[in-house]
Each structure stands twice: as structure tokens, then as C-alpha cells.
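Student:
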Amino acid sequence: MLRVGLSGGIGSGKSTVAGRLAEHGAVVIDADRLAREVVEPGTDGLREIVEAFGEDVVRDGALDRAALAARVFSDDAARATLNGITHPRIAARTAELIAAAPEDAIVVHDVPLLVENGMAPLYHLVLIVHAGVEERVVRLRGRGMPEEDARRRIAAQADDERRRAVADVWLDNSGTPDLVLARVDELWADRLVRYESNVRLRRYAPGPPVVVPYDATWPEQARRVAARIALAADGRRVEHIGSTAVPGLAAKDVLDFQLGVASLEEAAGLEDALARAGFPGLGLREDAVKRAGDAPELWHKRLHAGADPGRRVNLHVRVEGGPAWEWAVRFRDWLRADAAARDEYAAVKLELAERHRGDADRFAYGESKEPWVSAAAARVDAFFASQEG
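Per the numbering used here, the sequence shown runs over residues 19 to 407.
1) Looking at Gln239: is its Cβ nearer than 8 Å to the Cβ of His334?
2) Extract the residue ranges of the alpha helix (DSSP H) inside the region 352-388, only unbroken runs of 4 or more that lie entirely within it.
3) Apart from the five residues on each side of it in sequence, which residues of its chain come closer than 8 Å, Cβ to Cβ, to Val228?
4) Return the residue from the list Val230, Ile47, Ala286 that minimises the CA-CA distance to Ala117.
5) Does DSSP put Ser33 in a helix, in a strand, or in coil?
6) Classify Val347 as buried or exposed, calling it buried when 16 or more other Cβ atoms lie within 10 Å of its own Cβ.
7) Can you give me the Cβ contacts of Arg354 inside the same chain, cut-off strictly under 6 Å, excluding the 5 residues immediately before and after it?
8) Is the region 242-256 close to the region 205-222, with three or more CB pairs under 8 Å?
9) Three-state secondary structure (DSSP) at Val68?
10) Which first and last residues belong to the beta strand (DSSP E) in which Asp190 is found?
11) I need the straight-line Cα distance from Leu132 to Gly23, nearest angstrom please.
12) For Val129, count neighbouring Cβ atoms within 10 angstroms of its own Cβ and tell me buried if that reaches 16, exposed if not.
13) Starting from Ile124, follow the alpha helix (DSSP H) in both directions and report where the run begins and ends.
14) Would you mind working out which of Leu20, Trp352, Val35 sits nearest Asn191, comparing C-alpha positions?
15) Select from Phe71, Gly301, Arg154 the residue whose C-alpha is nearest the C-alpha of Val90.
16) What runs of the beta strand (DSSP E), each 3 residues or longer, lie entirely inside the region 142-167?
17) What are the boundary residues of the alpha helix (DSSP H) that Glu304 is part of?
18) Do the region 162-181 and the region 132-150 touch if we need at least three Cβ pairs shorter than 8 Å?
19) Start and end of the alpha helix (DSSP H) containing Phe402?
20) Going by DSSP, what residues sit across from Ser25 in a beta bridge?
21) Measuring only the C-alpha atoms, how far is Tyr222 from Val211?
22) Smallest Cα separation from Val230: which of Ala84, Ala364, Leu143, Ala323?
23) In chain order, which continuous runs of the alpha helix (DSSP H) of length 4 or greater are located wholly inside the region 64-120?
24) Quick check: the Cα distance between Leu199 and Glu152, rounded to an integer number of angstroms?
25) DSSP three-state label for Ala223, please.
26) For Ala137 and Arg350, I'd like the C-alpha separation in whole angstroms.
27) What residue range does the beta strand (DSSP E) around Arg51 cover?
28) Counting along the chain, where does the alpha helix (DSSP H) carrying Leu199 start and finish?
29) Here's a check: name, in chain order, each residue in its chain whose Cβ is nearer than 7 Å to the Cβ of Val366, leaving out the five neighbours to either side.
30) So, for Ala119: in the same chain, excluding its five sequence neighbours on each side, which residues have a beta-carbon less than 7 Å away from its beta-carbon?
31) Taking 8 Å as the cut-off, does the region 303-310 touch the region 282-293 (at least 3 CB pairs, one atom from each stretch)?
32) Any idea which residues DSSP pairs Leu20 with across the strands?
What follows is the structure, encoded as C-alpha cells:
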């Protein structure tokens with residue numbers, strides 16, 4: 019099962035995107051619809067709201083949403099009370115619907131306040147639907163909403179910067195509907211369907227070892243992926259390492275992370291949770307020993323890789339604070355600080371990527387870099403010794 023979070027500001031056109039995904043076969047769970055369902059006439063939710071806010075928020079036996087909104091919009095305490103009544107019920111109903119979905123489902127959770135409520139790490143992928151403020155105001159006025167109310171509601175929601183920070187996919191819906199629908203069709207066929215099958219079958223997304231220029235969005239992408247890994251691993255420490263963590267360095271478009279554990283036995287216990295989060299395990303691996311006298315087992319790790327065909331990931335699960343963990347951090351930080359070393363490493367990478375361009379083995383390119391990396395160990399040590407001195 020693939021869990022997709024869908025959000026966007028009021029008037030951005032989320033319903034258009036959700037409808038198209040449903041046409042393709044997605045199981046769409048509409049948070050707004052559930053919010054109405056849990057306070058329908060006769061429900062415990064409505065009864066508790068009346069107890070908290072009085073009979074004047076009910077008209078003809080049903081919740082008077084306008085009256086309730088007027089009570090809670092500018093009153094934080096009242097809004098917290100309302101959320102305490104509705105949110106647990108919405109969450110429980112959402113869980114029921116997800117549990118009832120088929121094993122191979124692509125579940126799309128349409129949540130208006132996904133960003134505001136910090137929900138992004140809960141999903142394998144987050145889609146944000148965007149339209150400019152003025153376009154959204156026009157759309158809302160077309161639905162009968164006064165312009166002042168439209169602008170107030172838009173201002174009360176997360177801005178574009180916050181939405182971009184969580185968006186794995188940014189769907190621009192500023193133009194005609196056919197444009198965004200075509201983008202959704204492409205996304206469904208090229209990414210979502212493949213991603214779901216990879217998660218269900220515990221396969222990683224393959225790709226050639228093509229070295230590309232540094233991408234300034236890699237750190238932001240890494241923060242999103244790291245948050246998912248940390249959530250799946252119960253808050254354990256996650257470090258963005260490797261070439262994509264070094265500003266200015268050419269690299270394969272693969273984000274590397276290491277996840278800290280107390281032991282490799284503990285790492286094995288995380289395998290199922292990581293696989294369900296989209297990072298299937300590839301077993302026990304050995305890092306090359308880079309510190310004289312160390313036992314080889316001190317450099318063992320468990321390796322995982324990302325299932326998302328649109329964002330390749332390598333995840334190295336290592337003992338936090340162990341020699342392999344510390345080496346990965348020191349090597350990254352050395353390259354960040356030493357421009358000459360960074361340029362030298364980039365040249366090596368480009369040459370080896372060309373040599374391994376047709377390899378079916380995803381990790382052959384990485385293994386071919388090991389002689390240069392191991393030889394750099396003394397330079398890394400000398401750099402940090404000079405910093406400490």
C-alpha cells in the first residue's frame with residue numbers, strides 16, 4: 019500500500035486532482051468529508067460540540083457550521099476544544115478506511131491542513147496543489163464567498179514557502195484544468211503505480227550511476243526523506259551523508275543517509291518498519307575498514323534503499339558513534355571544507371560513472387570509488403587533527 023498526502027491552499031484545486039486520482043483507481047480519503055461525517059445529526063461528536071458550545075451552534079438538528087466557525091475562528095482555546103472533539107474521531111475513521119483498502123491500494127489522503135499540522139512524514143509522498151493567490155480569490159468568489167472572507171482564509175493557511183518545504187511533487191494548477199490533469203496522469207503512470215508495487219514487493223528503485231552537477235534542492239529533499247526515516251525508526255538519529263550532502267559537489271542523483279542504532283541486532287529489528295515506509299532492506303554489508311587495527315565487524319552495517327522511482331535513496335544503518343558512522347560524517351565534512359579535495363573527488367566520480375554506465379549492479383560504481391576513498395583516510399585525519407590543534 020502506498021500512502022500519498024494531498025494538500026494545497028483553499029481554492030487551489032485539490033478536488034480536481036483528487037478526482038483524477040480517483041478515476042485512476044486511487045482510494046481517496048477526504049479529511050473535510052470525514053470532518054462533516056463525525057458531527058452529523060445523532061453522532062457523539064455533535065453531542066459533545068453542543069455540550070461545549072451551546073445549542074446556538076445547531077440549526078434544525080444539524081451543526082450550524084457558520085455559527086461554530088464564528089465562535090472558534092479567532093479564539094484559540096475554543097478552537098482547541100473543537101479540535102479535541104473532532105480530530106480523534108477523524109483520525110479513527112481515517113484509520114478504518116485505510117485498513118479496509120486493498121493491499122495494493124494507492125491511498126490518497128486529501129488533507130487541507132497537512133502542512134499546518136506537520137503531517138508530511140506520515141506519507142510515502144506528498145503532493146501539493148498550487149495556484150496564485152489572485153487566481154484562488156477569483157475561484158472562491160465564483161463559489162459565492164465574499165472576497166474579504168476569501169483573503170482572510172487564504173492568509174490563515176500556510177504560505178507557499180512552507181508548502182514547498184514538504185512538497186515531493188508540486189502541481190501547478192494556475193492554468194486550465196487539462197494541464198494539471200495531464201501532469202496527474204503522468205505522475206500516476208510513471209511514479210505512483212511503480213512506487214506502490216516497489217513498497218508492496220519490497221523492491222528498491224534502480225537507476226544508472228550518472229553523475230550530475232550539484233542540485234541546490236538536494237538538502238531540502240533530504241530533510242523530507244530524513245523525516246520519514248526518523249518517523250519509521252522511532253525518532254532515531256538520521257544524518258544526510260555522501261556526495262549530495264556536500265554543496266557544490268557533482269554527484270549521482272541519489273540521497274545517502276545513515277541511521278543510528280545501538281547495535282546491528284537493533285537494526286535488524288527495524289527492517290520491517292523501514293520497508294513499510296519505503297526503504298526495503300538489502301541485508302548485512304561491510305564497509306571497508308579505514309582505521310588501522312579495527313576489527314572488520316566494527317564496520318558492518320545493514321543497507322536499505324528507497325522504493326520511490328522518482329527519488330532514489332541509499333540508507334546505511336550503522337551503530338551510532340561507531341567508526342563507520344564517524345567516518346561517514348568526517349569524510350562529508352572534509353569535502354565540505356576542502357575545495358581541492360572536492361574537485362579531485364568529482365573528477366574521480368565522473369570517470370568511474372562513465373566506466374560503469376551500463377552496469378546492472380547498482381552498487382558497482384560505489385565499490386569502484388573505494389580505493390580513492392580509503393586512500394583519502396589519512397588526509398581526512400590530518401585535516402581534523404589540524405582543526406583540533
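We put the CB at the ideal spot given by N, CA and C, even for glycine. Predicted model, so just to flag it, every value in this text is computed and none were measured.
Tutor: Let me lay it out:
1) Not closer than 8 Å, so no.
2) As for any alpha helix (DSSP H) of minimum length 4 sitting wholly inside the region 352-388, the runs are 357-373, ordered along the chain.
3) Lys270, Asp271, Ala371, Arg375
4) Ile47
5) Here Ser33 sits in helix by DSSP.
6) Val347 is classed as exposed because its beta carbon has fewer than 16 other beta carbons within 10 Å across all chains shown.
7) If we look at Arg354 and ignore the five residues flanking it on each side, its Cβ neighbours are Val264.
8) no
9) helix
10) 187-190 is the extent of the beta strand (DSSP E) around Asp190.
11) 8 Å
12) That one is buried.
13) Taken as a continuous stretch (DSSP letters only), Ile124 belongs to no alpha helix (DSSP H), being part of the beta strand (DSSP E) at 124-128.
14) For Asn191, the nearest C-alpha among the options comes from Val35.
15) Phe71
16) Counting whole runs of 3 or more residues, the region 142-167 contains the beta strand (DSSP E) stretches 143-148.
17) Premise fails: Glu304 lies in the beta strand (DSSP E), 299-304, not in any alpha helix (DSSP H).
18) yes
19) Counting along the chain, the alpha helix (DSSP H) containing Phe402 begins and ends at 395-406.
20) Ile146
21) Rounded to the nearest angstrom, the two C-alpha atoms are 14 Å apart.
22) Of the listed residues, the one whose Cα sits closest to Val230 is Ala364.
23) 83-90, 94-118
24) 21 Å
25) Secondary structure at Ala223: coil, using DSSP grouped into helix, strand and coil.
26) In the sequence under discussion, the amino acid at residue 137 is Met, which differs from the Ala named in the question. So the alpha carbons of these two residues sit roughly 30 Å apart.
27) For Arg51, there is no enclosing beta strand (DSSP E); the residue is part of the alpha helix (DSSP H) that begins and ends at 49-55.
28) 195-205
29) Lys387, Trp390
30) Met19, Val45, Val125
31) no
32) Ile124
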